[in-house]
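Each residue of the sequence shown is one higher than the one before, starting from 2 at the first, in the working numbering.
Built from N, CA and C at the ideal position, the CB exists for glycine as well.
Just so it is clear, the structure is predicted and the values come from calculations on it, not from any experiment.
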Amino acid sequence: MRDKDADEKSDSFSHGVKFFGFITVRTDSSRLPQKALLPIRGRKVIEHIIDRAKSIRGLDGIVVCTSDRAQDDVLEEIALKEGVLCFRGSLEDKLDRWRGAAEKFGADYIITLDGDDPFFGPELIEQEIEQIKAEEPDFLNIPKGVVCGGSEFGIKTTALQKVCEIKDTQNTEMMWVYFTDTGLFRVADFKVADPIYWNDHVRLTLDYPEDYEFFKRVFEELDIQKNTVPLKNIMELLNEKPEIAEINFSRQQEFLDNQRKKTTLKLKAA
2 MRDKDADEKS
12 DSFSHGVKFF
22 GFITVRTDSS
32 RLPQKALLPI
42 RGRKVIEHII
52 DRAKSIRGLD
62 GIVVCTSDRA
72 QDDVLEEIAL
82 KEGVLCFRGS
92 LEDKLDRWRG
102 AAEKFGADYI
112 ITLDGDDPFF
122 GPELIEQEIE
132 QIKAEEPDFL
142 NIPKGVVCGG
152 SEFGIKTTAL
162 QKVCEIKDTQ
172 NTEMMWVYFT
182 DTGLFRVADF
192 KVADPIYWND
202 HVRLTLDYPE
212 DYEFFKRVFE
222 ELDIQKNTVP
232 LKNIMELLNE
242 KPEIAEINFS
252 RQQEFLDNQR
262 KKTTLKLKAA
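As C-alpha coordinates, then:
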(Lines of atoms letter the chains of each structure in order from A and count residues from 1; the text may use other names and numbers.)
(Lines give C-alpha, C1' and ligand atoms only; values in the text may rest on other atoms or scores of the structure.)
Protein backbone atom coordinates (compact mmCIF):
# COMPACT_ATOMS: atom_id res chain seq x y z
CA MET A 1 0.00 0.00 0.00
CA ARG A 2 1.34 3.45 -0.95
CA ASP A 3 2.06 5.92 1.83
CA LYS A 4 -0.60 8.66 1.87
CA ASP A 5 1.85 11.34 3.07
CA ALA A 6 4.30 10.37 0.33
CA ASP A 7 1.54 10.57 -2.27
CA GLU A 8 0.49 14.00 -1.02
CA LYS A 9 4.11 15.18 -1.05
CA SER A 10 4.59 13.92 -4.61
CA ASP A 11 1.34 15.51 -5.79
CA SER A 12 2.31 18.81 -4.15
CA PHE A 13 5.77 18.68 -5.68
CA SER A 14 4.69 17.76 -9.19
CA HIS A 15 1.91 20.35 -9.38
CA GLY A 16 3.29 23.25 -11.39
CA VAL A 17 6.80 21.79 -11.72
CA LYS A 18 7.99 22.19 -15.30
CA PHE A 19 10.18 19.63 -17.05
CA PHE A 20 12.02 20.63 -20.20
CA GLY A 21 14.05 18.54 -22.62
CA PHE A 22 17.25 20.34 -23.63
CA ILE A 23 18.76 19.07 -26.89
CA THR A 24 22.43 20.02 -26.63
CA VAL A 25 23.99 20.30 -30.08
CA ARG A 26 26.60 22.12 -32.16
CA THR A 27 27.64 21.73 -35.78
CA ASP A 28 31.36 21.28 -35.20
CA SER A 29 32.92 17.88 -34.58
CA SER A 30 36.50 16.86 -35.27
CA ARG A 31 35.80 13.13 -35.59
CA LEU A 32 32.57 13.36 -37.60
CA PRO A 33 32.17 16.84 -39.14
CA GLN A 34 28.67 18.34 -39.27
CA LYS A 35 27.24 15.19 -37.71
CA ALA A 36 24.05 16.93 -36.55
CA LEU A 37 23.26 17.68 -40.19
CA LEU A 38 24.04 14.25 -41.63
CA PRO A 39 21.11 12.69 -43.51
CA ILE A 40 19.39 9.45 -42.55
CA ARG A 41 16.41 8.42 -44.66
CA GLY A 42 15.67 11.94 -45.85
CA ARG A 43 15.97 13.80 -42.54
CA LYS A 44 18.92 15.30 -40.73
CA VAL A 45 20.14 13.72 -37.50
CA ILE A 46 19.02 16.75 -35.47
CA GLU A 47 15.54 16.50 -37.02
CA HIS A 48 15.35 12.84 -36.02
CA ILE A 49 16.33 13.79 -32.46
CA ILE A 50 13.66 16.48 -32.33
CA ASP A 51 11.08 13.94 -33.56
CA ARG A 52 12.11 11.62 -30.75
CA ALA A 53 11.98 14.35 -28.12
CA LYS A 54 8.46 15.29 -29.19
CA SER A 55 7.30 11.74 -28.44
CA ILE A 56 8.23 12.01 -24.74
CA ARG A 57 5.19 12.40 -22.51
CA GLY A 58 5.59 14.70 -19.53
CA LEU A 59 7.78 17.41 -21.02
CA ASP A 60 6.53 20.98 -20.86
CA GLY A 61 8.87 22.12 -23.59
CA ILE A 62 11.75 21.15 -25.86
CA VAL A 63 14.70 23.50 -26.36
CA VAL A 64 17.53 23.16 -28.86
CA CYS A 65 20.52 24.51 -26.91
CA THR A 66 23.34 25.56 -29.21
CA SER A 67 26.15 28.09 -29.37
CA ASP A 68 25.93 31.73 -30.34
CA ARG A 69 28.32 31.31 -33.31
CA ALA A 70 27.11 32.07 -36.82
CA GLN A 71 27.87 28.53 -37.99
CA ASP A 72 25.17 27.24 -35.63
CA ASP A 73 22.49 29.52 -37.09
CA VAL A 74 21.31 26.53 -39.12
CA LEU A 75 20.40 24.69 -35.91
CA GLU A 76 18.21 27.56 -34.75
CA GLU A 77 16.53 27.61 -38.16
CA ILE A 78 15.81 23.88 -37.92
CA ALA A 79 14.48 24.20 -34.36
CA LEU A 80 12.03 26.92 -35.35
CA LYS A 81 11.00 25.02 -38.48
CA GLU A 82 10.31 21.94 -36.36
CA GLY A 83 8.23 23.92 -33.86
CA VAL A 84 10.52 23.75 -30.83
CA LEU A 85 12.32 26.42 -28.83
CA CYS A 86 15.95 27.47 -29.24
CA PHE A 87 18.52 28.99 -26.91
CA ARG A 88 21.90 30.34 -28.01
CA GLY A 89 24.72 30.60 -25.50
CA SER A 90 28.31 29.73 -24.60
CA LEU A 91 30.28 27.57 -27.03
CA GLU A 92 32.26 25.58 -24.45
CA ASP A 93 30.28 26.02 -21.24
CA LYS A 94 27.17 23.93 -21.71
CA LEU A 95 26.28 24.23 -18.01
CA ASP A 96 26.00 27.99 -18.43
CA ARG A 97 24.07 27.46 -21.67
CA TRP A 98 21.60 25.21 -19.84
CA ARG A 99 21.32 27.68 -16.96
CA GLY A 100 20.46 30.49 -19.35
CA ALA A 101 17.88 28.37 -21.14
CA ALA A 102 16.32 27.12 -17.89
CA GLU A 103 15.97 30.66 -16.57
CA LYS A 104 14.61 32.02 -19.84
CA PHE A 105 11.94 29.36 -20.28
CA GLY A 106 11.09 28.72 -16.62
CA ALA A 107 12.25 25.11 -16.33
CA ASP A 108 12.30 23.59 -12.85
CA TYR A 109 14.03 20.44 -14.10
CA ILE A 110 15.86 19.72 -17.32
CA ILE A 111 16.40 16.42 -19.07
CA THR A 112 19.66 16.55 -21.03
CA LEU A 113 18.78 15.14 -24.45
CA ASP A 114 22.22 14.81 -26.01
CA GLY A 115 22.47 15.75 -29.67
CA ASP A 116 24.79 12.76 -30.12
CA ASP A 117 22.13 10.25 -28.99
CA PRO A 118 19.57 9.67 -31.78
CA PHE A 119 18.10 6.59 -30.05
CA PHE A 120 17.64 7.74 -26.44
CA GLY A 121 14.61 5.93 -25.03
CA PRO A 122 11.46 8.07 -24.76
CA GLU A 123 10.02 5.40 -22.49
CA LEU A 124 13.07 5.71 -20.21
CA ILE A 125 12.85 9.50 -20.10
CA GLU A 126 9.21 9.19 -19.03
CA GLN A 127 10.30 6.86 -16.21
CA GLU A 128 12.98 9.37 -15.22
CA ILE A 129 10.39 12.13 -14.92
CA GLU A 130 8.24 9.94 -12.67
CA GLN A 131 11.22 9.05 -10.48
CA ILE A 132 12.16 12.72 -10.16
CA LYS A 133 8.60 13.56 -9.11
CA ALA A 134 8.74 10.84 -6.45
CA GLU A 135 12.25 11.47 -5.09
CA GLU A 136 12.98 15.15 -5.87
CA PRO A 137 16.74 14.76 -6.42
CA ASP A 138 19.04 17.56 -7.49
CA PHE A 139 20.63 15.27 -10.05
CA LEU A 140 19.42 12.02 -11.58
CA ASN A 141 22.45 10.00 -12.60
CA ILE A 142 22.68 7.20 -15.16
CA PRO A 143 24.23 4.09 -13.58
CA LYS A 144 27.04 2.25 -15.33
CA GLY A 145 25.76 -0.67 -17.35
CA VAL A 146 22.74 1.07 -18.86
CA VAL A 147 23.18 1.09 -22.62
CA CYS A 148 25.38 3.97 -23.78
CA GLY A 149 23.23 6.70 -25.32
CA GLY A 150 19.96 5.16 -24.20
CA SER A 151 19.12 7.42 -21.29
CA GLU A 152 19.91 10.97 -20.16
CA PHE A 153 20.57 13.00 -17.02
CA GLY A 154 17.96 14.93 -15.03
CA ILE A 155 18.99 18.18 -13.33
CA LYS A 156 17.15 20.51 -10.97
CA THR A 157 17.55 24.12 -12.07
CA THR A 158 18.47 25.37 -8.60
CA ALA A 159 21.31 22.82 -8.48
CA LEU A 160 22.43 23.89 -11.96
CA GLN A 161 22.51 27.52 -10.82
CA LYS A 162 24.61 26.55 -7.79
CA VAL A 163 27.11 24.65 -9.94
CA CYS A 164 27.49 27.64 -12.25
CA GLU A 165 28.35 29.75 -9.18
CA ILE A 166 31.04 27.40 -7.83
CA LYS A 167 32.75 26.03 -10.94
CA ASP A 168 36.02 27.60 -12.05
CA THR A 169 36.09 26.67 -15.74
CA GLN A 170 34.10 27.08 -18.92
CA ASN A 171 35.05 23.59 -20.09
CA THR A 172 32.02 21.70 -18.82
CA GLU A 173 31.48 19.09 -21.51
CA MET A 174 31.81 16.27 -18.95
CA MET A 175 29.66 18.08 -16.41
CA TRP A 176 28.25 15.33 -14.20
CA VAL A 177 31.16 15.38 -11.72
CA TYR A 178 30.04 18.82 -10.52
CA PHE A 179 26.88 17.17 -9.22
CA THR A 180 28.15 13.71 -8.24
CA ASP A 181 31.58 14.48 -6.77
CA THR A 182 31.17 17.71 -4.78
CA GLY A 183 29.01 16.37 -1.96
CA LEU A 184 26.71 19.36 -2.31
CA PHE A 185 23.71 17.78 -4.01
CA ARG A 186 21.12 15.05 -3.60
CA VAL A 187 22.03 12.51 -6.26
CA ALA A 188 19.83 9.57 -7.23
CA ASP A 189 20.60 6.76 -9.65
CA PHE A 190 17.99 6.18 -12.31
CA LYS A 191 16.18 2.93 -11.51
CA VAL A 192 16.08 0.91 -14.72
CA ALA A 193 14.12 -2.27 -14.04
CA ASP A 194 13.92 -3.93 -17.45
CA PRO A 195 17.13 -5.92 -18.09
CA ILE A 196 16.94 -5.28 -21.83
CA TYR A 197 18.31 -1.77 -21.22
CA TRP A 198 21.30 -3.07 -19.25
CA ASN A 199 23.81 -3.78 -22.00
CA ASP A 200 27.38 -2.51 -22.11
CA HIS A 201 28.05 -4.14 -25.49
CA VAL A 202 25.88 -1.74 -27.47
CA ARG A 203 26.82 1.80 -28.43
CA LEU A 204 24.00 4.25 -29.26
CA THR A 205 25.93 7.49 -29.65
CA LEU A 206 27.10 9.35 -32.76
CA ASP A 207 30.76 10.32 -32.65
CA TYR A 208 32.61 8.37 -35.35
CA PRO A 209 31.98 7.35 -38.98
CA GLU A 210 31.23 3.81 -37.77
CA ASP A 211 28.46 5.18 -35.57
CA TYR A 212 26.84 6.83 -38.58
CA GLU A 213 26.90 3.51 -40.44
CA PHE A 214 25.36 1.81 -37.40
CA PHE A 215 22.46 4.25 -37.15
CA LYS A 216 21.74 4.07 -40.87
CA ARG A 217 21.64 0.27 -40.64
CA VAL A 218 19.18 0.27 -37.72
CA PHE A 219 16.92 2.77 -39.50
CA GLU A 220 16.88 0.44 -42.51
CA GLU A 221 16.39 -2.77 -40.52
CA LEU A 222 13.38 -1.37 -38.63
CA ASP A 223 12.15 0.66 -41.62
CA ILE A 224 12.05 3.77 -39.44
CA GLN A 225 10.33 6.68 -41.15
CA LYS A 226 9.73 8.77 -38.03
CA ASN A 227 12.22 8.33 -35.21
CA THR A 228 9.77 7.43 -32.44
CA VAL A 229 10.39 3.68 -32.28
CA PRO A 230 10.77 2.66 -28.60
CA LEU A 231 14.31 1.93 -27.50
CA LYS A 232 13.10 -1.49 -26.38
CA ASN A 233 12.36 -2.42 -30.00
CA ILE A 234 15.84 -1.30 -31.02
CA MET A 235 17.46 -3.34 -28.25
CA GLU A 236 15.43 -6.39 -29.27
CA LEU A 237 16.74 -6.02 -32.82
CA LEU A 238 20.33 -5.78 -31.59
CA ASN A 239 19.87 -8.85 -29.41
CA GLU A 240 18.52 -10.76 -32.41
CA LYS A 241 21.23 -9.48 -34.76
CA PRO A 242 24.34 -8.77 -32.65
CA GLU A 243 26.38 -8.26 -35.81
CA ILE A 244 24.70 -4.86 -36.19
CA ALA A 245 26.00 -3.76 -32.78
CA GLU A 246 29.48 -4.79 -33.89
CA ILE A 247 29.47 -2.15 -36.64
CA ASN A 248 30.53 0.57 -34.20
CA PHE A 249 31.28 -1.07 -30.87
CA SER A 250 35.03 -1.18 -31.59
CA ARG A 251 35.01 2.57 -30.93
CA GLN A 252 33.54 2.31 -27.43
CA GLN A 253 36.78 2.02 -25.45
CA GLU A 254 38.32 4.96 -27.31
CA PHE A 255 35.13 6.94 -26.61
CA LEU A 256 35.29 6.14 -22.88
CA ASP A 257 39.00 6.97 -22.72
CA ASN A 258 38.35 10.35 -24.34
CA GLN A 259 35.59 11.06 -21.83
CA ARG A 260 37.89 10.26 -18.91
CA LYS A 261 40.61 12.56 -20.28
CA LYS A 262 38.13 15.43 -20.63
CA THR A 263 36.54 14.98 -17.20
CA THR A 264 37.75 17.65 -14.78
CA LEU A 265 36.43 19.18 -11.57
CA LYS A 266 37.55 22.77 -11.05
CA LEU A 267 35.96 24.76 -8.23
CA LYS A 268 36.47 28.34 -7.16
CA ALA A 269 38.46 28.85 -3.98
CA ALA A 270 36.27 29.01 -0.90
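- In the DSSP annotation of this structure, the continuous segment of the alpha helix (DSSP H) that includes residue 159 starts and ends at 158 to 167.
- Note on residue 157: 16 or more other CB atoms within 10 angstroms of its CB, so buried under the neighbour-count rule.
- Taking a 10 Å sphere around the C-beta of residue 78, we find fewer than 16 other C-beta atoms and assign the residue as exposed.
- Around residue 201, the same chain offers 146 as residues with beta carbons nearer than 6 Å, after the five sequence neighbours per side are excluded.
- According to the DSSP secondary-structure assignment, residue 189 is paired through a beta bridge with 141.
- Excluding its 5 nearest sequence neighbours in each direction, residue 27 has C-beta neighbours in its own chain below 7 Å: 67, 68 and 73, listed in chain order.
- Boundaries of the beta strand (DSSP E) around residue 110: 110 to 115.
- Contact check for residue 42 against residue 225 passes: the beta carbons are separated by less than 9 Å.
- Taking C-beta separations shorter than 8 Å and ignoring five residues to either side along the sequence, the partners of residue 161 in its chain run 96, 99, 100, 103 and 111, following chain order.
- Under the 10 Å beta carbon count, residue 204 is surrounded by 16 or more other beta carbons and is classified as buried.
- In the structure shown, residue 223 adopts coil according to DSSP, grouped into three states.
- By the 16-neighbour rule on beta-carbons within 10 angstroms, residue 151 is buried.
- Taking C-beta separations shorter than 8 Å and ignoring five residues to either side along the sequence, the partners of residue 105 in its chain run 88, following chain order.
- When the alpha-carbon of residue 30 is set against those of 54, 56 and 92, the nearest one is in 92.
- Beyond the five residues adjoining it in sequence on each side, residue 22 comes within less than 8 Å, by CB distance, of 54, 57, 60, 62, 63, 64, 111, 112, 114 and 126 in the same chain, given in chain order.
- Closest in alpha carbon position to residue 20, among 245, 188 and 154, is 154.
- Just so you know, the alpha carbons of residue 143 and residue 82 end up roughly 32 Å apart.
- Between residue 45 and residue 208, the C-beta gap is not smaller than 9 Å, which leaves the two residues out of contact.
- Separation of the CB atoms of residue 173 and residue 52 is rounded to 28 Å, and the pair is thereby denied contact status at 8 Å.
- Shortest Cα-Cα distance from residue 197 to any of 168, 167, 215 and 149 involves 149.
- Looking at 163, 189, 159 and 25, the one whose alpha-carbon comes closest to that of residue 131 is 189.
- According to DSSP, residue pairing for residue 147 in a beta bridge involves 145 and 199.
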